[in-house]
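Protein chains in written order, with this note's numbering: chain A, 102 to 332; chain B, 102 to 332. The beta-carbon is built from N, C-alpha and C at its ideal position, and this holds for glycine as well. To start, the structure under review is shown below, and the notes come after it.
Number of protein chains: 2
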Amino acid sequence: MVTDTDTADGFVAALRAQSQRYHALHPFHRRMNAGELSRRQLQSWVANRFYYQQTIPRKDAAILANCPDREVRRRWVQRIIDHDGTADGAGGIEAWLRLGEAVGLRREEMEDERHVVPGVRFAVDAYLTFARTRPWVEAVASSLTELFAPDLMAERLAAFERYYDWIDPQGLGYFRARLRQAPRDSDHALQVVTEHCRTPEQQAAAVAALSFKCDVLWSMLDAIDRACADQ
Amino acid sequence: MVTDTDTADGFVAALRAQSQRYHALHPFHRRMNAGELSRRQLQSWVANRFYYQQTIPRKDAAILANCPDREVRRRWVQRIIDHDGTADGAGGIEAWLRLGEAVGLRREEMEDERHVVPGVRFAVDAYLTFARTRPWVEAVASSLTELFAPDLMAERLAAFERYYDWIDPQGLGYFRARLRQAPRDSDHALQVVTEHCRTPEQQAAAVAALSFKCDVLWSMLDAIDRACADQ
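Rendered as structure tokens:
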């Protein structure tokens with residue numbers, strides 16, 4: 102007999118199975134964590150990824166705008182505050198800018214997006230459009246790559262300290278903060294998704310949303326990898 | 102010679118002139134503040150207006166989702182927190198539910214929207230759609246009815262305490278909070294709008310946005326007034 106618990110377990114397992122499509126497995130990330138990227142390649146990654154970072158609070162606000170559940174909104178708004186910060190010098194976007202400075206980029210060349218390649222822009226904009234236009238529970242499900250993020254963050258921190266010792270470790274604050282924030286965020290998102298997705302159709306839509314998000318992250322690395330292959 | 106300051110002064114004057122279209126002048130509000138509404142009419146107003154109140158944080162999140170300026174987002178997010186609160190029993194939506202209880206409504210009959218009339222739903226939904234789909238600076242401009250709100254709130258508080266003494270004054274906390282929040286919010290919105298609207302076309306769009314918002318509020322009172330005329 103298949104019980105509700107079995108179904109929920111199967112659903113969570115299907116979500117977790119998307120880890121096989123997470124960008125931790127992308128050749129560019131594998132080379133990053135093996136210490137094989139040049140300084141220029143790391144700079145390109147940081148500058149391109151900044152376009153993603155600065156879009157995240159807008160993506161989360163789009164989810165809030167579509168969400169009629171006050172209790173969910175009360176918790177979700179914390180993500181916006183985490184990224185934007187509450188004052189000058191605070192927040193995840195600021196921490197990413199400091200990472201950029203630590204790898205030798207100037208703030209203005211990140212903020213003016215001169216290094217952002219089209220494939221990164223298309224992927225990130227597609228993620229924002231998804232959050233704006235799809236049902237809010239699917240948008241929440243798409244955030245569940247955070248289930249897989251802590252392992253990658255831990256591996257990346259170790260790799261940066263080991264292989265890229267020209268980067269000031271003070272610049273790695275963003276990764277350290279996400280080690281703490283990502284599990285809290287993914288716990289909440291998983292709770293929301295399992296509560297709201299009860300039918301096979303709803304659960305399939307949630308898995309598809311997470312799969313889409315894996316495509317966004319993977320596609321960004323494809324574009325970055327291609328753009329700086331010879332650098 | 103027309104200077105930039107003259108132009109800005111003229112722009113702010115044009116925004117302030119929209120006070121002549123503010124719903125404080127609607128016959129229903131005039132009767133409310135003259136003590137002429139029945140208990141059933143006040144209940145209808147509170148229950149219908151709840152639909153507006155609970156949409157406000159989603160409207161503000163839609164503005165955040167469209168706004169690329171981190172400094173603006175850092176301040177604007179406070180509006181969402183003010184309305185949603187950070188815990189059970191906190192926030193403007195909760196304060197409105199307590200107002201509803203003070204006028205004799207149960208929470209569930211506000212939350213299930215049974216009293217919400219179509220004209221109110223259409224007007225509020227139009228406001229949310231406006232915030233989602235129009236340029237974010239226009240959506241900010243549409244919030245500037247808050248320039249006119251404190252006078253109405255002060256008049257309403259006095260009227261409630263004078264004419265509707267069957268309402269527990271504890272239930273009027275929402276109005277008291279807005280006396281403090283609305284000037285802070287409208288100061289920020291006016292600063293954003295004057296900074297971003299420099300051309301005649303931009304300024305005309307901002308005035309049109311505020312005019313649209315006056316239509317939203319006025320149309321809600323038309324619908325409520327018609328729905329409970331005989332009660």
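| For the candidate residues 201(A), 199(A), 200(A) and 184(A), whose alpha-carbon lies nearest to that of residue 193(A)? | Within the first sequence, numbered from 1, the residue matching residue 193(A) stands at position 92. The shortest Cα separation from residue 193(A) among 201(A), 199(A), 200(A) and 184(A) belongs to 184(A).
| Chain-ordered neighbours of residue 193(A) on chain B, where CB pairs are closer than 7 Å | As a position in the first sequence, residue 193(A) is number 92, starting the count at 1. Those do not exist, as residue 193(A) stays about 11 Å from chain B at its closest Cβ, beyond 7 Å.
| query | Does the distance from the C-beta atom of residue 125(A) to that of residue 253(A) stay below 7 Å? | reply | Translated into positions along the first sequence, residue 125(A) becomes position 24. Translated into positions along the first sequence, residue 253(A) becomes position 152. Contact: yes.
| query | With respect to the alpha helix (DSSP H) encompassing residue 234(B), which residues constitute its N-terminal and C-terminal limits? | reply | Translated into positions along the second sequence, residue 234(B) becomes position 133. Start and end: 219-234.
| request: Give a yes or no on whether the minimum CB-CB distance between residue 157(B) and chain A is below 7 Å. | output: To locate residue 157(B), count along the second sequence from 1; it is residue 56. No, residue 157(B) lies away from the interface with chain A (no Cβ there is under 7 Å from its Cβ).
| Is it true that the region 244-251 of chain A meets the region 282-300 of chain A, where meeting means three or more beta-carbon pairs spaced less than 8 Å apart? | yes
| Beta-carbon proximity of residue 121(A) to residue 312(A), cut-off 7 Å | As a first step, residue 121(A) is located in the first sequence; it is residue number 20 there, counting from the start. As a first step, residue 312(A) is located in the first sequence; it is residue number 211 there, counting from the start. Against a cut-off of 7 Å, the Cβ pair of residue 312(A) and residue 121(A) comes out as no contact.
| query | Between residue 188(A) and residue 110(A), what straight-line distance do the alpha-carbon atoms span, to the nearest angstrom? | reply | Looking up residue 188(A) in the first sequence gives position 87. Looking up residue 110(A) in the first sequence gives position 9. Looking at the two C-alpha atoms, the distance is approximately 41 Å.
| With 7 Å set as the bound, which would you pick, yes or no: does the beta-carbon of residue 165(B) sit closer than that to a beta-carbon of chain A? | For the purposes of this step, residue 165(B) is taken as residue 64 along the second sequence, with counting starting at 1. Closer than 7 Å to some Cβ of chain A, the Cβ of residue 165(B) qualifies, so yes.
| message | Tell me which residues share the same chain as residue 322(A) and place their Cβ nearer than 7 Å to its Cβ, disregarding the 5 neighbours each side in the sequence. | response | The residue you call residue 322(A) lines up with position 221 of the first sequence. These residues qualify, in order along the chain: 124, 127, 129 and 130.
| message | For the pair the region 210-228 of chain B and the region 266-285 of chain B, tell me if three or more CB-CB distances fall below 8 Å. | response | no
| field | the region 293-312 of chain B in contact with the region 231-241 of chain B per 3-pair CB rule at 8 Å | value | yes
| query | Applying a beta-carbon distance threshold of less than 7 Å, which residues of chain A neighbour residue 171(B)? | reply | Locating residue 171(B) in the second sequence gives position 70, where the first residue counts as 1. Correct list: 185 and 194.
| Taking all protein chains shown into account, do 16 or more other C-beta atoms lie within 10 angstroms of the C-beta of residue 158(A), making it buried, or fewer, making it exposed? | Position 57 of the first sequence, counted from the first residue, corresponds to residue 158(A). Result: buried.
| query | Grouping DSSP H, G and I as helix and E and B as strand, with all else coil, what is residue 189(A)? | reply | As a working note, residue 189(A) is residue 88 in the first sequence. Looking at residue 189(A) - three-state DSSP - the assignment turns out to be coil, as it is neither helix nor strand.
| Counted within 10 angstroms of its Cβ, other Cβ atoms place residue 262(A) as buried (16 or more) or exposed | Within the first sequence, numbered from 1, the residue matching residue 262(A) stands at position 161. The residue in question, residue 262(A), is exposed, as its Cβ has fewer than 16 Cβ neighbours within 10 Å.
| Below-7 Å beta-carbon distance, residue 178(A) vs any chain B residue | For the purposes of this step, residue 178(A) is taken as residue 77 along the first sequence, with counting starting at 1. Yes, residue 178(A) lies at the interface with chain B (some Cβ there is under 7 Å from its Cβ).
| task | Express the C-alpha separation of residue 218(B) and residue 204(B) in angstroms, rounding to a whole number. | result | In the second sequence, counting from the first residue as 1, residue 204(B) sits at position 103. In the second sequence, counting from the first residue as 1, residue 218(B) sits at position 117. Straight-line Cα distance between these residues: approximately 19 Å.
| request: Give the straight-line distance between the Cα atoms of residue 142(A) and residue 258(A), rounded to the nearest whole angstrom. | output: As a working mapping, residue 142(A) is identified with position 41 in the first sequence. As a working mapping, residue 258(A) is identified with position 157 in the first sequence. Taking the straight line joining both Cα atoms gives about 17 Å.
| Leaving out five residues before and five after residue 106(A) in sequence, what residues of the same chain have Cβ atoms less than 6 Å from its Cβ? | For the purposes of this step, residue 106(A) is identified with residue 5 of the first sequence, where counting begins at 1. Nothing listed; no residue qualifies.
| query | Could one say the Cβ of residue 174(B) lies closer than 7 Å to chain A's Cβ atoms, at least one of them? | reply | Within the second sequence, the letter at position 73 stands for residue 174(B). Yes, contact with chain A.
| task | Please list the partners that residue 162(A) has in chain C, where partner means a Cβ-to-Cβ separation under 7 Å. | result | Of the protein chains in this structure, namely A and B, none is chain C.
| Would you call the CB atoms of residue 165(A) and residue 196(B) closer than 7 Å? | Working through the first sequence from its first residue, we reach residue 165(A) at position 64. Working through the second sequence from its first residue, we reach residue 196(B) at position 95. Cβ atoms of residue 165(A) and residue 196(B): not closer than 7 Å.
| request: Go ahead and label residue 175(A) buried or exposed: buried means 16 or more other beta carbons lie within 10 angstroms of its beta carbon, across all protein chains shown. | output: The residue labelled residue 175(A) in the question sits at position 74 within the first sequence. Buried: at least 16 other Cβ atoms inside 10 Å.
| field | Three-state secondary structure (DSSP) of residue 264(A) | value | Looking up residue 264(A) in the first sequence gives position 163. Three-state result, residue 264(A): helix.
| Reference residue 241(A), options 150(A), 310(A) and 198(A), closest by Cα | Counting from 1 along the first sequence, the entry for residue 241(A) is found at position 140. Of the listed residues, the one whose Cα sits closest to residue 241(A) is 310(A).
| Quick one: which chain B residues come within Cβ less than 8 Å of residue 279(A)? | Your numbering for residue 279(A) matches position 178 in the first sequence. Ordered by position in chain B, no residue passes the 8 Å Cβ test against residue 279(A), which lies about 18 Å from the chain.
| request: Mind listing the chain B neighbours of residue 182(A)? Cutoff is C-beta to C-beta under 9 Å, in chain order. | output: What you label residue 182(A) is simply residue 81 of the first sequence in a count that begins at 1. The answer, in chain order, is 175, 178 and 182.
| field | residue 267(A) versus residue 139(A): straight-line alpha-carbon distance, rounded | value | Stepping through the first sequence from its first residue, residue 267(A) is reached at position 166. Stepping through the first sequence from its first residue, residue 139(A) is reached at position 38. C-alpha separation (whole angstroms): 11 Å.
| Would you say residue 288(B) touches the ligand GTP, meaning its beta carbon is less than 6 Å from a heavy atom? | Among the components of this structure there are no ligands whatsoever, and the ligand GTP is therefore not found.
| Between residue 134(A) and residue 256(A), which are expected to be in contact by the criterion C-beta below 8 Å, what is the C-beta distance as a whole number of angstroms? | As a working mapping, residue 134(A) is identified with position 33 in the first sequence. As a working mapping, residue 256(A) is identified with position 155 in the first sequence. Indeed, because the Cβ distance is near 5 Å, the residues count as touching under 8 Å.
| task | Determine the contact status of residue 324(B) and residue 201(B), defining contact as a CB-CB distance below 7 Å. | result | As a working note, residue 324(B) is residue 223 in the second sequence. As a working note, residue 201(B) is residue 100 in the second sequence. No; because the gap between Cβ atoms is not below 7 Å, this pair is not in contact.
| field | Nearest to residue 271(A) (by Cα), restricted to the options 145(A), 199(A), 154(A) and 168(A) | value | Numbered from 1 along the first sequence, position 170 holds the residue referred to as residue 271(A). Closest by alpha carbon: 199(A).
| said: Cutting at 6 Å between CB atoms, please list the residues of its own chain near residue 224(B), excluding the five before and the five after it. | reply: Within the second sequence, numbered from 1, the residue matching residue 224(B) stands at position 123. Within the same chain, residue 224(B) has close Cβ partners 317, 320 and 321.
| request: Using a cut-off of 7 Å between C-beta atoms, extract the partners of residue 233(B) located in chain A. | output: Taking the first residue of the second sequence as position 1, residue 233(B) is located at position 132. Those within 7 Å of residue 233(B) in chain A are 166.
| query | What is the rounded straight-line gap between the Cα of residue 170(A) and the Cα of residue 155(B)? | reply | Position 69 of the first sequence, counted from the start, is the residue given in the question as residue 170(A). Position 54 of the second sequence, counted from the start, is the residue given in the question as residue 155(B). The alpha-carbon atoms of residue 170(A) and residue 155(B) are separated by roughly 10 Å.
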